[in-house]
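Please read the structure below before turning to the comments.
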Amino acid sequence: MSELIILRIVPEWGDDSNAIHPVVVLDGDYLALFDCGYFGSLPSIEAAFSEHDLSCSQLTHVVLTHHDHDHVGALAALKRKYPQVQIVSGHEEAAYINGTKPALRLTQARAMQPSLEGDAAAFGLKFLQMLERLKPTDVDITIEDGDILPICGGIEALATPGHTAGHMAYYLKALDTIIAGDAAVLEGGALILAYPQYAENLPLAEKSFQRILDHPAKTIICYHGGVFRR
Ligand SMILES: [Zn+2]
């Protein structure tokens with residue numbers, strides 16, 4: 004029997020609009036966390052686990068949708084403190100998570116910074132410095148579209164590229180639920196395309212968003228926005 008818990012983490016520097024929703028899925032043998040928050044958010048994740056009578060020391064897997072800073076920010080700290088955790092990501096994202104390739108947002112921010120002025124330049128510089136502080140982390144298990152992670156009743160990888168090149172959503176078979184990552188965002192009760200201005204490949208992101216909409220799963224969990232039920 005699998006069980007699912009949706010965490011809600013508001014970063015210290017932000018407000019409700021910055022809330023993120025990492026997901027915990029567990030069965031008798033495994034405890035998996037889907038995406039792991041902003042840089043510095045490990046204590047918030049640990050506190051959220053405690054609220055549900057869980058501990059990160061029970062974690063067996065961290066499953067990542069993609070390499071953006073709000074999804075892998077706490078990964079290096081988490082792996083250092085809980086080395087038993089197996090890190091899982093799509094094959095293409097692994098190169099960004101382990102530092103072989105520079106993060107997409109870092110490339111975008113470096114290109115944009117010289118054109119910014121005033122407050123925007125100050126904000127941009129802070130953002131850039133935060134991105135540069137992120138530590139690469141090795142991925143233990145890489146997966147492709149259609150692969151099934153044999154834990155918690157079977158977790159199927161759904162390739163949903165566009166927001167980043169190797170973005171993966173995940174279908175939890177036992178719970179008939181999709182963990183959408185940033186393939187979709189929930190805003191005002193509606194599923195929408197996530198941040199088209201930041202998409203690495205907008206037509207692909209639109210196609211991936213459609214894949215999520217067309218999937219028959221009853222529940223879709225968006226990292227930004229939370230739960231959508233149909
Ligand atoms: Zn995100």
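With the first letter of the sequence shown counted as 1, position 77 gets the number 80 in my numbering; the numbers rise by one all the way through.
Idealized CB from N, CA, C, for every residue including glycine.
For a minimum of 4 consecutive residues, which ranges assigned as the alpha helix (DSSP H) are wholly contained in the region 165-226?
Correct list: 205-217.
Check the DSSP bridge columns for residue 89 and list the partner residues they point to.
DSSP, once it has assigned bridges, lists 64 as partnering residue 89.
Should residue 33 go down as buried or exposed, given a rule of 16 or more other Cβ atoms within 10 Å for buried?
Per the 10 Å Cβ criterion, buried.
Would you call the CB atoms of residue 215 and residue 162 closer than 9 Å?
No, the pair does not count as a contact, with Cβ atoms beyond the cut-off.
Beta carbon of residue 23: closer than 8 Å to some heavy atom of ligand 3?
Here the bound small molecules are ligand 1; ligand 3 is not part of this structure.
Residue 10 lies in the alpha helix (DSSP H); which residues open and close that run?
Where residue 10 is concerned, there is no enclosing alpha helix (DSSP H), given that its DSSP letter is neither H nor E.
When you get a sec, list the residues whose CB is within less than 6 Å of any heavy atom of ligand 1, chain order please.
Having a Cβ closer than 6 Å to some heavy atom of ligand 1 are 71, 73, 74, 185, 226, 227.
Taking only the alpha-carbon atoms, compute the straight-line gap between residue 166 and residue 47 and give it to the nearest angstrom.
So the alpha carbons of these two residues sit roughly 26 Å apart.
For the alpha helix (DSSP H) containing residue 137, list its first residue and its last residue.
It is not in any alpha helix (DSSP H) - residue 137 carries neither H nor E in the DSSP assignment.
Can you confirm whether residue 46, when its beta carbon is compared against all beta carbons of chain B, has any partner nearer than 9 Å?
In the structure shown, chain B does not exist; there is a single protein chain.
Taking residue 202 as the reference, give the member of 6, 194, 186 with the closest Cα.
Nearest option by C-alpha distance: 186.
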